[in-house]
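Participant: Can you read through this structure? Questions will come right after.
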Amino acid sequence: MLKRYLPQIVITPGTLLVLAGVYGFIAFTAAISFTDSKILPSYNFVGLRNYENLFKLKAWDIAVSNLIIYSLLYIVICCALGLLLAILIDQKIRAESAFRSIYLYPMALSFIVTGTAWKWFLDPGIGLESVMHQFGWESFQFSWIKDREFALYTIVIAAVWQTVGFAMALFLAGLRGIDSEMLKAARVDGANTFQVYWRIIIPQLGYTFVSVMVILVFNAIRTYDLIVVMTNGGPGRATWLPSVFMYQYTFTRNQMGIGAASAIMMLALIAVFVIPYFWWELKSQGKQK
Amino acid sequence: MTGLSIKKAGKLYGSVRVLQDINIDIDEGEFLVLVGPSGCGKSTLLNMIAGLEEISEGEISIAGNVVNDLEPSERDIAMVFQSYALYPTMTVAGNISFGLEIRRVPKAERDAAVAKVADLLQIGHLLDRKPSQLSGGQRQRVAMGRALVRDPKLFLFDEPLSNLDAKLRVEMRTEIKKLHKKTGKTIVYVTHDQIEAMTMATRICVLEGGDIQQQGTPDEIYNNPANAFVAGFMGSPPMNLMKARARKSAEGWGLTISHGLESITLPYPRNLPDSYDNRVVTLGMRPEQIVEEYPRDAAEDAYYTTTCTLDLTEPTGADTFGAIDLSGLEAICKLKPGSRADTGDQVELHFEVGAACVFDPESGARLDC
Amino acid sequence: MTRKKKTFSAALPKIVLYTSLLLFAFLFLMPMYVMLVNSVKPLEEIQSGGMMFLPQTWTFEPWFKAWSTAQIGVEPTGLRPYFWNSILMVVPAVTVSTLLGAVNGYVLTQWVFRGHKIIFLMMLGAVFIPHQIILIPMARMLGFFGLAGTIPGLVVVHTLYGIGFTTLFFRNYYVAFPSDLMKAAKVDGAGLFRIFFWIMLPASTPIIIVTVIWQFTNIWNDFLFGVSFADYDSFPMTVALNNLVNSSTGVKEYNVHFAGAFIAAVPTLLIYIFAGRYFVRGLMGGSVKG
């Protein structure tokens, strides 16, 4: 009896941990989002009131519209730059692995470290601006990080710097997966390098594009550390994202119900992208086998 | 007019030489097969003709024009690849017309050309499909269509049939041969399969170790191999190459081989260089030159007859082959069709000595002439 | 025979290619360079500008200060105790989550039972949750078990949310494992555990390295769990660094901040330099699912 169910028994601890710690906790957070919890959880259900309030809040509005701008820029730039880097690396260059390692190393760093570096590099007092002044370019101004209008873009810069190597690595794997005879065929057909990439290679990277984008969306929605260290959400609320909102409302402003509702919204947003992706991938795998 | 001319071509990767002193001249409309074991340099040579690899030494001209410094697209060639190399994101029609599109051929002309080729290859009903929706044989046809549509001076085929199953391979072999007859184009075809070479070529070039071993028509290559390598590589089952001792006497040359404890001396009607008297040579005889059934219309002294013990019989349907021990080699001989002979049986075998080849045992060079 | 002449116009694409490659390399290295050179400068030199230049006076004082005397919590302890906090948190969390992942991946591929797909999908889903979704209940649970604000608490959290990744890694590795080997072992009478310890684990070195490196990097670099569930005694390195950098009191000692950031980055950077190949495999493995 024990032997027969040994596989199930062996996998139980891990499964239970995940079942409780991930799915149970999601259910708990969902439940809290329907209560009037403040500093401590309460079990006084108030229906959808937290969600109604959430959508009325200016801060949430800002966080969501910031997220849209931030993630669009982040994803588009990461994809474009990542593909460009991958194509550059793919040109049978010398010292290929050195270049690859340099483009990818920020992935090994903590966002806190990256943020520290970029925070001071972009600081008008000691960073880029002051360096330019020293080089004699007195009128140079770069104080985005202190500017309500532009602070969000500095987060984009740092985030791209940190993760674009990852997009590059995925695109490079995609490029390298293309049959080399096909590239020979294209040369015999007379296509130039640009035409080979544009007409033949990039259209075949559809799968890679989808993978890269899903992961980047996930990264964008999760972004939190970088903001805390670079701007702490400021100036004002200029760099609030839903992740910042959730933390602030739950732990600083003691509006746990609303915080929980915002966490649920974040999960829903990710699910919108990730679930179709899983479904699509499992289906295409089934087809291959 | 010449279709392809290669003069003293060679290829070096750094200091590693993979091809040397390649000289080939073929007329327009010929079907040249480059054949050899893997690593012999045949694909490198094809890539050099295509312009996909640089020509380290010598000169290659296609239809009279030197192409050394031309891009693949400027050489007026088309190529069919082993993996077919179809563009997966384009339809069949898109694949076929891509090369024309790059060359800015107007749409109407392109469509007409595609339709014509599709008709020739009977793939008209597949034009809107993607490569992933095609079978292996259909992909093969599309790959050929992509080459044909350009109407080039020279077609290059790089092991195009090796990804197909056995039955389809035979079918496509015939098909390519027919296509060659119909279009009259010059073709260079690379394969490691000597049967493909024998059945399709008008001219065969056998390569090994970066050298051309022999060039000639299939007949010449098969019946008159230049050396032991060609003799052993071409033909299925291959030629038996056994050690023999050559002796010159008043009656002429004799070649002594052993069969178990006995020795057999075959009277050899052709002449050998005198220096080989009383030396070991390599005797080459094809299975169909060691037969159980005395050919009806053969002259009486054309064959030397002796009795041998069969080690094994191998019925293949149409023919039955037997294995006998000749000088330590499992030599293959041809038994009567439907022969009932079995392992250990004694059979009378007839050796067609006059057709046998003799090679130097070290260099493999042909000795008889 | 004629040769193409190597003219400038023929070399132009190569020049453009290498110029762009080097330009990007510069952009990627520059922030690290800035941090490094400024961490060995006296503060006055930084304040007077010249962020890009090598120091005029070299000093390692900022490194010592960041490591042992900078004010982070209540006491001027430097980052040292927090560095050890991180080590004490990372080592058990990596070990346990890797082991659990290996067992899960093994059973899910080699001992499939009804419903194994559901369990796998469940594990996969765990990889793609925003961690904000579990902050509230996890804080409650840690409090309930008396683990709030402790290192063991962080170990539990990181182990739990690492299982999804580790299972995924091992599952993808074992799914390509030659099934004949399993069959032969079963025919020979080996059981689940014997096959795991005698056949699978010894053949798993590459994926173990990948998983350990991935988990180490992720847990070392985590900030959200640390800031949510730790307190002054149990802060991991990242939280301590953020406190150092964003403390609002006193003069901003940039050189100390940079030295601190570097100290926080050293373990993962070392791993990247010496085992970059495995790190990249982890990245790719995490992205190419199921």
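As you go down the protein sequences, you meet chains X, A and V in turn.
Numbering of the first sequence is given in our numbering, commencing with residue 1 and proceeding in unit increments.
Numbering of the second sequence is given in our numbering, commencing with residue 1001 and proceeding in unit increments.
Numbering of the third sequence is given in our numbering, commencing with residue 2001 and proceeding in unit increments.
Yeah, the Cβ is synthetic: ideal placement off N, Cα and C, and Gly gets one too.
Bear in mind the structure is a predicted one, so any value in this text is a computation, not a measurement.
Counting beta carbon pairs with one atom in the segment 1098-1110 of chain A and one in the segment 1125-1134 of chain A, are three or more of them shorter than 8 Å?
Facilitator: no
Participant: May I have a chain-ordered list of the alpha helix (DSSP H) segments no shorter than 4 residues that lie completely inside the segment 2201-2250 of chain V?
Facilitator: 2205-2221, 2224-2229, 2237-2246
Participant: Just the C-alpha distance for A:T1305 and A:M1285, rounded to the nearest angstrom, thanks.
Facilitator: 14 Å
Participant: Tell me, to the nearest whole angstrom, how far the beta carbon of V:F2223 is from that of V:N2242; I am working on the premise that it is less than 8 Å.
Facilitator: 7 Å
Participant: I want to see whether chain X comes within less than 7 Å of A:L1052, judged by CB atoms only; does it?
Facilitator: So, interface residue.
Participant: Does the segment 225-237 of chain X come close enough to the segment 103-120 of chain X that 3 or more CB-CB pairs lie under 8 Å?
Facilitator: For the pair of segments examined, the segment 103-120 of chain X was found to touch the segment 225-237 of chain X: the number of CB pairs separated by less than 8 Å reaches three.
Participant: Shortest alpha-carbon distance to A:A1341 belongs to which of A:F1359, A:I1049, A:P1315, A:V1353?
Facilitator: A:P1315
Participant: Under the rule that 16 or more other beta-carbon atoms within 10 Å means buried, what is V:Q2215, buried or exposed?
Facilitator: buried
Participant: Within 8 Å, do at least three Cβ pairs link the segment 1045-1064 of chain A to the segment 1001-1011 of chain A?
Facilitator: yes
Participant: By how many angstroms is the C-alpha of X:I87 removed from the C-alpha of X:F194?
Facilitator: Whole-angstrom Cα-Cα distance: 11 Å.
Participant: Let's see if you can read the secondary structure: which residues bound the alpha helix (DSSP H) around X:F171?
Facilitator: 151-176
Participant: Are A:V1190 and A:V1206 close, meaning C-beta to C-beta below 7 Å?
Facilitator: no
Participant: Return no unless some Cβ of chain X is closer than 7 Å to the Cβ of V:G2049.
Facilitator: yes
Participant: Which same chain residues end up closer than 7 Å to A:E1175 when comparing Cβ atoms and leaving out the 5 residues on each side of it in sequence?
Facilitator: none
Participant: Go to A:F1229, then tell me how far its alpha helix (DSSP H) extends in each direction, as first and last residue.
Facilitator: 1228-1233
Participant: Specify, as a first and last residue, the run of the beta strand (DSSP E) that A:L1259 falls within.
Facilitator: Strictly speaking, residue 1259 of chain A in this sequence is His, with Leu absent from that position. First-last of the beta strand (DSSP E) with A:H1259: 1252-1259.
Participant: Going by DSSP, what residues sit across from A:I1324 in a beta bridge?
Facilitator: A:L1310, A:A1331
Participant: Determine, using beta-carbon pairs with one atom in the segment 2162-2178 of chain V and one in the segment 2067-2077 of chain V, whether at least three such pairs fall under 8 Å.
Facilitator: no
Participant: Does any C-beta atom of chain X lie closer than 7 Å to the C-beta of V:S2247?
Facilitator: no
Participant: Should A:A1112 go down as buried or exposed, given a rule of 16 or more other Cβ atoms within 10 Å for buried?
Facilitator: exposed
Participant: Go ahead and pull the three-state DSSP assignment for A:R1017.
Facilitator: strand
Participant: Assuming A:A1246 and A:L1272 are in contact, meaning their beta carbons sit under 8 Å apart, how far apart are those beta carbons, in whole angstroms?
Facilitator: At roughly 6 Å, the Cβ-Cβ gap stays under 8 Å, so A:A1246 and A:L1272 are in contact.
Participant: Which of helix, strand or coil does DSSP assign to A:K1008?
Facilitator: strand
Participant: Could you confirm whether any beta carbon from chain X is found closer than 7 Å to the beta carbon of A:Y1087?
Facilitator: yes
Participant: Between V:L2160, V:W2111, V:Q2047, which has its C-alpha nearest V:A2126's C-alpha?
Facilitator: V:L2160
Participant: Anyone know if the C-beta pair for X:F166 and V:L2283 falls short of 7 Å?
Facilitator: In this structure, the beta-carbon distance from X:F166 to V:L2283 falls below 7 Å.
Participant: In angstroms with no decimal places, state the Cα-to-Cα distance between A:V1353 and A:S1339.
Facilitator: If you take the alpha carbons of A:V1353 and A:S1339, they lie about 23 Å apart.
Participant: Of all the options A:K1185, A:P1160, A:N1068, which has the alpha carbon lying nearest to the alpha carbon of A:D1027?
Facilitator: A:K1185
Participant: Taking any Cβ of chain X, which residues in the segment 1086-1116 of chain A have a Cβ under 7 Å from it, in chain order?
Facilitator: Y1087, P1088, T1089, F1098, G1099, I1102, R1103
Participant: Which of helix, strand or coil does DSSP assign to X:D189?
Facilitator: helix
Participant: With distances taken between CB atoms, is the gap from V:W2067 to V:R2080 smaller than 7 Å?
Facilitator: yes
Participant: Answer yes or no: does any C-beta atom of chain X fall closer than 7 Å to that of V:G2078?
Facilitator: no
Participant: Identify each residue in the segment 1071-1085 of chain A for which the Cβ-Cβ distance to at least one residue of chain X is less than 7 Å, and report them in chain order.
Facilitator: P1072, S1073, I1077, A1078, M1079, F1081, Q1082, S1083, A1085
Participant: Output the distance between the C-alpha atoms of V:G2049 and X:A151, rounded to the nearest integer angstrom.
Facilitator: 23 Å
Participant: Give me the Cα-Cα distance between X:V214 and V:Y2082, rounded to the nearest whole angstrom.
Facilitator: 34 Å
Participant: Using a Cβ-Cβ distance cut-off of 7 Å, determine whether V:S2020 contacts chain X.
Facilitator: yes
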